[in-house]
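Participant: After the C-alpha cells below, expect a handful of questions from me.
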Ligand code: MCN
Ligand code: CUN
C-alpha cells in the first residue's frame with residue numbers, strides 16, 4: 003500500500019459530502035449531549051454490588067523515619083474491613099513497585115516517608131466516610147528528618163539523603179550517579195564543537211530561568227474500582243487512565259495474573275492533561291485489597307491528594323546560552339538543566355529519554371551547534387508525572403529557546419520578530435536534521451509569523467509602545483510577546499520510543515456491519531478531545547461511510563486492540579494514521595467487491611466519496627452500503643467474507659507542528675495588575691480533521707498556558723510542606739479571568755503521515771507560556787529587564803516594578 007493515501011475527493015455532490023461529515027468538516031461533538039447533561043460515566047459513577055471504599059493514610063512530614071504504625075484502633079472501627087501497610091504488602095512483594103522511568107517507588111511507605119502526603123496505609127471500609135474516620139485512627143509515630151526541597155542544594159556533600167534504599171548504588175537506570183541524591187546526567191549534542199563556537203563567537207548571552215513546579219488539574223481526580231473474581235481468577239479495573247493497555251501490562255507484571263485475565267476499562271475521563279498517565283499507589287492498593295477481600299474496592303483521590311501526590315510537572319532550573327554574530331545569526335546553543343524529580347523518579351517519559359523530548363530545544367531555528375546537559379535530582383517532593391499538556395518536556399524546551407532568542411535580540415538591539423526571520427529554518431531545508439539529532443518533518447515558519455504580525459498590525463503596536471515608554475506619567479506599561487515555536491508530537495517510532503519495552507505504536511480495528519454502519523476501536527483513549535467525533539471523520543473520508551453511522555469505542559482492553567494510549571498529542575499522529583490505513587484497507591476490499599458486483603475489473607472502478615463507479619460510466623455504481631451487504635453474501639470467488647480491517651501503525655518519525663503566537667499586555671506599573679489585551683494564536687497542525695475541535699483544543703491549551711504563566715505554582719516551604727494544595731491557593735482560571743483568544747492557522751502537511759495530519763492539542767500550552775513571559779518582560783525591557791520568572795501574578799509583577807522604582811507616583 004502507498005504510504006500516502008490520496009483523500010482528495012471531488013465535491014461533486016455537496017449533499018453526499020455533507021452527509022459523510024468527513025475530514026475538514028466542523029462536525030458537532032458526538033460526546034457533548036452526554037457530557038452537557040451530566041450523563042457521562044466516570045470512574046466515581048461506577049457502583050458495584052458489595053463494593054468497599056479505600057482511603058489513604060498520608061504522611062504529614064516531608065521526610066521522617068517511621069518508628070511504628072498501630073492499626074488496631076482503625077481495624078476495630080465498625081465497618082472497616084482491612085488496613086494495609088507496607089508490612090502487609092511485603093509477602094506479596096508489592097510494597098515497592100517499578101516506575102515508568104526505571105526507578106522503584108514505595109507503594110506504602112517502607113521505613114520512612116520521603117514527601118509530604120506520601121501513602122502510609124490504606125484503610126478499606128464499607129463507605130468513604132467510615133474509611134476516612136478510620137484513617138484518622140491509624141497511629142503512626144514519626145521521627146522527623148532534615149528535609150531537602152532545593153534541587154540546587156541536593157548534591158552538596160552534607161545534603162540530607164532522600165533515598166536510603168539506593169544510596170550506595172552508583173549506577174541508575176540512565177547511567178552513573180554522582181551523589182546519593184543524583185538520578186542521572188543526560189547529555190546530548192556535540193560539546194566540543196559547541197564550546198568552540200562559543201569561544202569564537204562575536205556575541206554571547208546567558209540567562210538563568212526557573213520553570214516552576216506546577217500540576218495539571220483535571221476536573222476529575224485519579225481513581226479506580228478494582229474487582230477481583232476469586233472463582234474465575236479474573237481482575238477487572240475501572241480506572242482513570244490515559245493508557246489502559248499499559249496499565250494492563252504493568253498490573254500483569256506486578257500481580258503475575260496473565261494479561262488475558264485482566265480487563266482494564268477507562269470509561270469517560272474528566273480530563274487527563276498528563277495527570278493520568280502514571281501508575282499510582284492507590285491503584286495498586288485497591289487491586290490488592292480487592293484480591294485479598296474478594297470484593298470490589300474503589301479508591302478516588304480528593305482534590306488535595308490530587309494536587310499534592312500525583313503527577314507534578316516542570317520544576318526545571320535552566321541556564322541557557324546562545325552564541326551569535328553581530329547580526330543576530332545564531333551559531334550555537336548551550337543548556338544546562340537541574341531537574342527536580344521529587345522523591346522517586348516516576349516520570350512518564352518514553353523509557354530511553356530521561357528528559358523526554360527536551361532536545362527539541364533548538365526550536366524553529368537553524369542552529370548548527372548545540373549541547374544540552376540535564377541532571378535529574380531527588381528531593382523531598384511528590385514524584386511522578388512530568389507531563390502537563392506537553393509532549394514530555396517540550397514545554398520547558400520551547401520556553402528556554404524562545405526566551406533565549408528574545409534575550410539575544412535585546413542584547414543586539416534587534417527587533418524580536420526580525421531576529422526570528424534571520425534564524426528561521428527555511429521551507430526548503432525540510433526534512434531538517436537538528437544539531438541534537440531530531441529530523442523535523444515539515445515546516446514553513448516565515449509565512450506564519452508574517453500572517454501574525456499583519457493580523458495585529460505589529461508596527462502600530464510598536465509605535466504605541468514607544469509612545470507609552472516616552473511618557474513618564476503613563477500609568478500602564480505595554481508589552482508585546484512573540485513566540486514562534488516548534489512542537490514534537492506523536493511518540494513515536496518504536497526504534498526510539500518505548501514504555502517498559504513496548505514500542506509506542508498505535509492501532510485501529512474497523513468492522514463494517516451488513517447494513518453499512520460500522521464499529522471502530524482504537525488503542526487510544528479520549529479524555530475530552532472528542533475522538534468519538536473526529537476519528538469517525540477520518541473513516542468517513544477514506545472509506546466512504548457516513549460519520550454518523552460509525553461508533554467509535556476506546557478504553558476497554560477487552561475489546562480495543564493494543565495501543566499505547568493518549569498523551570503527548572500522539573492520537574492523531576499515531577492512531578490517526580492507523581485509522582486512515584485501516585479505512586484504506588476497508589476501501590480496497592470494498593472496491594474488489596464492488597467490481598465483482600459490477601462485473602468489471604477492480605482497476606476499472608473508482609472510489610467516489612461513498613460509492614464505487616465504473617470509470618467512464620458514472621451511472622454504473624455501487625454504494626458502500628450495497629457493498630457492505632454483499633460482503634456478507636456475495637463476494638468474489640476465493641475472498642474471505644466480511645468487511646473488517648486492523649492496522650497497527652509504527653510511525654517512521656514524530657510530527658512537528660508549529661505556530662506563531664503574539665500576546666499584548668498592559669501592565670499597571672503601580673499595582674502590577676496585568677491585562678491581556680490581545681492573544682493571537684496561529685497553529686499549523688498539517689491536515690485539519692475538525693476545525694471546530696481544533697479551535698476548542700487551542701482555547702483549552704491557551705487557558706492552561708495562561709494559568710501556568712500567570713498564576714500556577716506548587717510551592718514548598720523549607721519543611722517540605724506543600725503550599726497550594728487546594729484550589730483556594732492553586733490558580734485554576736475560570737471564564738472570569740480567562741482572556742479572549744484569537745485563533746488562526748496555516749496548513750503544512752506532514753509528509754510521512756498517511757493523511758498529512760500532525761497533533762495539535764498541546765501546541766497552545768507549549769507555545770503560549772513563553773509568549774506570556776515574553777510580553778511581560780517586554781513591558782519592562784526598555785529598563786534593562788531580560789527575564790522574569792513565572793508565575794507573573796500581580797504581586798510578583800509589583801515586586802518587579804518596585805525594584806525598578808516604578809511604583810513611586
Ligand atoms: N485534531 C484535528 N486535526 C488535527 C489534529 C487534531 O482535528 N490535525 C483533533 C483530533 O482529532 C482530536 C483532537 O484534535 O479530536 C486532539 O488531537 P491530538 O492533537 O492528536 O491530541 P490527542 O487526541 O492525543 O490528545 C492528547 C492531548 C494531551 S496530551 C493533553 S495533555 C490534553 C489535550 O489532548 N488533555 C486534554 N487536550 C485535552 N482536552 C480535553 N478536553 N481534556 C484533556 O484532558
Ligand atoms: Cu503531556 S500531558 Mo498530555 O501528554 O496527556
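Numbering (our numbering), first residue to last: 3 to 811.
Note that beta-carbon positions come from the ideal geometry of N, C-alpha and C, so glycine has one too.
Quick one: give me the first and last residue of the beta strand (DSSP E) that residue 338 is part of.
Facilitator: Here the beta strand (DSSP E) through residue 338 covers 332-342.
Participant: Please return the same chain residues whose Cβ sits closer than 6 Å to the Cβ of residue 193, not counting the five positions on each side in sequence.
Facilitator: Cβ neighbours of residue 193 beyond the five flanking positions: 373.
Participant: Do residue 770 and residue 707 have their CB atoms nearer than 8 Å?
Facilitator: Yes.
Participant: Is residue 169 helix, strand or coil by DSSP?
Facilitator: In the structure shown, residue 169 sits in coil (DSSP, three-state: anything other than H, G, I, E or B).
Participant: How about residue 227: is its C-beta nearer than 8 Å to some C-beta of chain B?
Facilitator: Of the chains in the structure shown, none is chain B; there is only one protein chain.
Participant: Figure out for me which residue from 416, 501, 479, 515 has the closest Cα to the Cα of residue 806.
Facilitator: Nearest option by C-alpha distance: 479.
Participant: Assign residue 714 to one of two classes, buried (16 or more other C-beta atoms within 10 Å of its C-beta) or exposed (fewer than that).
Facilitator: When all chains shown are included, residue 714 counts as buried.
Participant: Under 6 Å Cβ to Cβ from residue 119, same chain only, skipping five residues before and after it: list those, please.
Facilitator: 60, 310, 311.
Participant: Roughly how many angstroms separate the alpha carbons of residue 757 and residue 337, rounded to a whole number?
Facilitator: One C-alpha to the other measures close to 36 Å.
Participant: Under the three-state reduction of DSSP, which class applies to residue 793: helix, strand or coil?
Facilitator: Note: residue 793 maps to coil in three-state DSSP.
Participant: Could you check if residue 392 belongs to the surroundings of ligand 2, using beta carbon to heavy atom distance under 7 Å?
Facilitator: Residue 392: yes, Cβ under 7 Å from ligand 2.
Participant: If contacts are defined as beta-carbon pairs under 8 Å, then residue 381 and residue 54 qualify, I think. What distance do you get, rounded to the angstrom?
Facilitator: About 35 Å; that fails the 8 Å criterion.
Participant: Where does the unbroken alpha helix (DSSP H) through residue 1 begin, and where does it stop?
Facilitator: Residue 1 is absent from the structure shown; the chain starts at 3 and stops at 811.
Participant: Taking the C-alpha atoms as reference points, what is the distance between residue 624 and residue 609?
Facilitator: The alpha-carbon atoms of residue 624 and residue 609 are separated by roughly 10 Å.
Participant: Please report the straight-line C-alpha distance between residue 108 and residue 98, rounded to a whole angstrom.
Facilitator: When rounded, the distance between both Cα atoms is 4 Å.
Participant: Counting along the chain, where does the alpha helix (DSSP H) carrying residue 467 start and finish?
Facilitator: Element bounds for residue 467: 460-472.
Participant: Under a Cβ-count criterion, where at least 16 other Cβ atoms within 10 Å of its own Cβ denotes burial, should residue 482 be classed as buried or exposed?
Facilitator: Buried: at least 16 other Cβ atoms inside 10 Å.
Participant: Judging by CA-CA distance, which residue of 710, 656, 73 is the nearest neighbour of residue 215?
Facilitator: Minimum Cα distance to residue 215 is reached at 710.
Participant: Below 8 Å, how does it come out for the stretch 634-642 and the stretch 463-471: are there three or more Cβ pairs, yes or no?
Facilitator: No, because fewer than three Cβ pairs between the stretch 634-642 and the stretch 463-471 fall closer than 8 Å, the two stretches do not touch.
Participant: Cutting at 7 Å between CB atoms, please list the residues of its own chain near residue 20, excluding the five before and the five after it.
Facilitator: No residues qualify anywhere along the chain.
Participant: Could you give the residue range of the beta strand (DSSP E) that holds residue 208?
Facilitator: Segment 205-216, the beta strand (DSSP E) holding residue 208.
Participant: For ligand 1, is there a heavy atom less than 7 Å away from the beta-carbon of residue 569?
Facilitator: Checking every heavy atom of ligand 1 against the Cβ of residue 569, one is found closer than 7 Å.
Participant: Along the chain, where does the alpha helix (DSSP H) that runs through residue 708 open and close?
Facilitator: It spans 693-712 - the alpha helix (DSSP H) in which residue 708 sits, taken as one unbroken run.
Participant: DSSP has residue 278 in a bridge; who is on the other side?
Facilitator: Partner(s): none; residue 278 has no beta bridge.
Participant: Quick check on the DSSP output: the alpha helix (DSSP H) that includes residue 285 runs from which residue to which?
Facilitator: Start and end: 283-295.
Participant: The alpha helix (DSSP H) with residue 412 in it runs from where to where?
Facilitator: Unbroken alpha helix (DSSP H) run through residue 412: 396-414.
Participant: Name the two residues that bound the continuous alpha helix (DSSP H) containing residue 578.
Facilitator: First-last of the alpha helix (DSSP H) with residue 578: 578-600.
Participant: Rounded to whole angstroms, what is the Cα-Cα separation between residue 269 and residue 32?
Facilitator: Each residue's Cα considered, the two are about 16 Å apart.
Participant: Could you check if residue 775 is buried or exposed, using at least 16 other CB atoms within 10 Å of its CB as the buried criterion?
Facilitator: Flag for residue 775 reads buried.
Participant: Taking only the alpha-carbon atoms, compute the straight-line gap between residue 302 and residue 283 and give it to the nearest angstrom.
Facilitator: If I take the Cα positions, the gap works out to 12 Å.
Participant: If you follow the alpha helix (DSSP H) that residue 571 is part of, which residue opens it and which one closes it?
Facilitator: Where residue 571 is concerned, there is no enclosing alpha helix (DSSP H), given that its DSSP letter is neither H nor E.
Participant: Looking at ligand 2, does it come within less than 7 Å of residue 801, judged from the CB to the closest heavy atom?
Facilitator: No; taking the cut-off as 7 Å, the Cβ of residue 801 has no heavy atom of ligand 2 nearer than that.
Participant: Under 7 Å: does the beta carbon of residue 530 sit that close to some heavy atom of ligand 1?
Facilitator: Yes, Cβ of residue 530 sits closer than 7 Å to a heavy atom of ligand 1.
Participant: Do you know offhand how far residue 155's Cα is from residue 803's?
Facilitator: The alpha-carbon atoms of residue 155 and residue 803 are separated by roughly 30 Å.
Participant: Ligand 1 and residue 269: does the residue's C-beta get closer than 7 Å to at least one heavy atom of that ligand?
Facilitator: No.
Participant: Does the distance between the C-beta of residue 400 and the nearest non-hydrogen atom of ligand 2 fall short of 7 Å?
Facilitator: No, ligand 2 has no heavy atom inside 7 Å of this Cβ.
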